[in-house]
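Structure first, commentary second.
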Amino acid sequence: MEFEKNILCIGAGYVGGPTMAMIARQCPQYKVTIVDINPERIAQWNSNDLPIYEPGLDELVKATRNRNLFFSTDVERGIRENDIIFVSVNTPTKTFGTGAGMAADLQYWEKTARQILQNSTSPKIVIEKSTLPVRTAQAMERILNTSRNGVRFDVLSNPEFLAEGTAVNDLKDPDRVLIGSRETEDGLKARDTLVEIFANWVPREKIITSNIWSSELSKLVSNAFLAQRVSSINAISALCEKTEADVTEVARAVGADSRIGSRFLNASIGFGGSCFKKDILNLVYLCRHYGLNDVADYWESVIKINNYQQERFVRNMLAAMFNTLAGKRICLFGFAFKANTGDTRESPAIYVTRRLLEEHAEVVITDPKALNNARIDLANVQGKVLFVDDPYEAAMGCHAIAVMTEWPLYADLDYERLYRDAEKPAFIFDGRNILDSRRCFEVGFNVFPIGKPA
Ligand code: NAD
Ligand code: UGA
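Residue numbers (the numbering used here): 52 to 505.
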């Protein structure tokens with residue numbers, strides 16, 4: 052069958068996989084290929100056990116795989132055979148050298164640019180899907196424009212705004228699609244090609260176009276604003292605990308102002324996930340690079356409050372449990388960084404586990420989707436932590452339960468049974484405010500939600 056367009060995505064991760072599956076689903080007239088250097092990951096994408104858990108993703112992949120969606124490890128062939136190339140490789144925080152702990156590590160991204168250059172014999176549109184520091188497209192263009200065989204490359208920025216756990220819906224019905232391009236004739240032509248792809252299912256008014264630098268920067272700023280809301284409400288949760296105000300009531304009242312809005316105001320144990328922290332650090336690094344130290348300090352405080360909130364949670368546990376956790380068994384309900392995902396990257400539960408172990412507590416972890424990743428995260432404390440599928444079994448004989456992830460199943464458990472099986476006095480620390488505190492209190496637990504009277 053002849054396809055209208057041949058699209059490649061380099062990087063078969065949390066973004067590449069779902070994003071391309073959605074394009075394949077919405078555009079049966081296009082052939083979409085996803086390549087990755089990790090053969091295990093590609094094998095999983097080609098199996099019935101996908102490498103990531105995401106509601107609705109299994110159906111999406113089943114409907115398209117081997118029809119117009121293909122997964123492969125042959126990166127070079129992929130580049131040769133496709134003229135529209137999304138780059139969705141990981142861009143983690145640098146762990147070495149200049150900018151360690153702050154700047155984005157662009158080595159995977161740059162390797163990809165060089166690979167595209169080496170394997171291209173026809174014109175390509177190269178699309179930055181990964182989240183990158185503003186002005187990365189310039190570096191990409193400089194690498195690609197060293198082409199000796201005169202191949203033309205147009206670089207676009209098309210950042211991804213999906214959230215894990217809701218990725219399929221976010222892709223199907225996005226608030227907006229952002230496409231940044233050079234404002235030259237060729238740049239605008241490349242931009243229009245990408246607009247045409249998304250216009251297969253996204254209403255035109257939701258497809259925003261801009262200059263390429265605005266697009267790159269908007270992605271960092273979106274994540275910074277979202278994370279800032281979480282840190283703002285979490286900062287207020289600390290004040291609520293001192294004053295008997297209830298953070299849920301405060302969030303409701305504040306969020307009812309349409310200028311503020313009600314979403315993303317859930318106080319919590321802190322934000323996790325692979326991106327908020329790394330993207331803010333990246334933004335802070337960029338600001339410092341341009342000498343904007345006051346601006347950098349402002350955004351850095353979002354991360355400081357997040358660290359404070361996680362540590363505060365552990366300190367509250369210590370204070371409530373008579374200032375010692377040594378030898379006490381603590382059960383963590385959830386390990387994923389949020390509900391409806393098995394992803395544990397930067398999950399606050401990792402920090403809490405390490406701190407509890409420092410206090411010589413015994414930690415039992417349960418999670419419906421994230422136990423495999425939890426085992427990997429905690430490989431270096433193996434033997435000190437138990438991983439248990441069933442929440443009742445996990446909580447058996449524990450001195451405390453701490454809710455780390457807002458999986459709805461934890462709100463629906465039988466707390467009378469949990470209390471019966473707990474060490475007394477029994478404690479619950481609800482890091483997500485999802486439990487019926489009154490009910491838990493009535494069955495006998497000492498209950499400590501976030502930002503509410505205990
Ligand atoms: P990921 O680690 O899940 O996937 C990246 C993939 O790229 C990996 O499978 C890796 O093997 C592959 N890769 C690396 N170098 C390669 C190369 N040279 N050739 C082929 N494959 C290569 O990462 P992710 O979560 O999908 O994130 C990708 C990018 O998207 C990041 O920049 C991230 O900031 C951004 N982003 C992520 C999310 C999210 O929800 N995870 C949302 C929006 C944006
Ligand atoms: C976030 C953004 O929401 C996406 O738009 C963006 O594309 C993505 O980062 C990215 O660039 O990777 P994600 O991290 O998957 O998506 O999940 P969120 O729903 O944003 O949650 C992030 C963290 O904040 C989670 O730990 C969550 O539990 C926490 N959170 C969120 C709160 O503590 N309170 C809230 O009110 C909302």
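All C-beta atoms, glycine included, are put in the ideal place defined by N, C-alpha and C. All figures in this text were calculated on a predicted structure; none of them were measured in a lab.
CB contact flag (residue i, residue j, <9 Å)
i      : j      : result
Arg483 : Val439 : no
Lys257 : Pro225 : yes
Cys60  : Ile88  : no
Ala286 : Ile331 : no
Ala371 : Phe480 : yes
Val272 : Phe249 : no
Outcome for residue i when other beta-carbon atoms lying within 10 angstroms are tallied against a minimum of 16
i      : result
Met52  : exposed
Ser309 : exposed
Val403 : buried
Gly385 : buried
Val185 : buried
Val508 : Missing from the structure shown is residue 508; the chain here goes from 52 to 505 and no further.
Tyr65  : buried
Asp463 : exposed
Phe364 : buried
Pro442 : buried
Gln360 : buried
Ser269 : buried
Whole-angstrom distance between residue j and residue i, CA atom to CA atom
i      : j      : result
Ser198 : Asn133 : 17 Å
Met368 : Lys223 : 41 Å
Cys506 : Trp160 : Beyond the ends of the chain as shown, which are 52 and 505, falls residue 506; an answer cannot be given.
Gly378 : Phe322 : 29 Å
Arg489 : Tyr466 : 11 Å
Phe204 : Glu234 : 15 Å
Gly67  : Ala94  : 15 Å
Met71  : Glu474 : 49 Å
Pro500 : Pro102 : 34 Å
Ile74  : Phe54  : 13 Å
Val281 : Lys355 : 12 Å
Leu486 : Pro399 : 19 Å
Glu514 : Arg92  : This structure cannot speak to residue 514, because the chain is shown only from 52 to 505.
Thr294 : Gly502 : 9 Å
Glu35  : Ser208 : With the chain represented from 52 up to 505, any question about residue 35 goes unanswered, as that position is not in the structure.
Ser288 : Ser313 : 16 Å
Thr142 : Ala190 : 15 Å
Asp511 : Arg406 : The chain is shown only over 52 to 505; residue 511 falls outside these bounds and no answer can be derived.
Option nearest residue i by Cα separation, candidates the options
i      : options                           : result
Phe315 : Phe386, Lys328, Thr299 and Asp330 : Thr299
Gly324 : Cys291, Leu239 and Phe388         : Phe388
Arg242 : Ile311, Val177, Lys293 and Arg203 : Val177
Asn99  : Glu110, Arg131 and Ser265         : Glu110
Thr144 : Gln77, Phe137, Leu337 and Leu59   : Leu337
Phe478 : Glu457, Leu460 and Met447         : Met447
Asn374 : Trp350, Ala412, Thr124 and Trp458 : Ala412
Leu383 : Thr417, Leu213 and Ile354         : Thr417
Glu362 : Arg339, Thr395, Val346 and Glu410 : Glu410
Thr115 : Gln77, Ile130 and Glu91           : Gln77
Lys113 : Gly129, Ser232, Gly342 and Pro69  : Pro69
Lys240 : Val206, Ser266, Leu407 and Arg255 : Val206
Ser521 : Gly306, Leu271 and Ser269         : Here the chain comprises residues numbered 52 to 505, so residue 521 is not present and cannot be evaluated.
His450 : Phe496, Glu457 and Ala430         : Phe496
Residue i CB to nearest heavy atom of ligand 1 below 8 Å
i      : result
Pro184 : no
Glu215 : yes
Gly231 : no
Phe212 : yes
Gly67  : yes
Ala63  : yes
Tyr159 : yes
Asp87  : yes
Arg203 : no
Asp100 : no
Closer than 8 Å: residue i CB and nearest ligand 4 heavy atom
i      : result
Asp428 : As far as ligands go, the structure on display features ligand 1 and ligand 2 and does not contain ligand 4.
Residue i Cβ short of 8 Å to ligand 2 heavy atom set
i      : result
Ala284 : The identity of residue 284 in the sequence shown is Ile, whereas the question assumes Ala. Indeed, a heavy atom of ligand 2 lies less than 8 Å from the Cβ.
Leu319 : Checking the displayed sequence, the identity of residue 319 turns out to be Ser instead of Leu. Indeed, a heavy atom of ligand 2 lies less than 8 Å from the Cβ.
Gly324 : yes
Glu267 : no
Asp418 : no
Leu316 : yes
Phe388 : yes
Val353 : no
Ser139 : no
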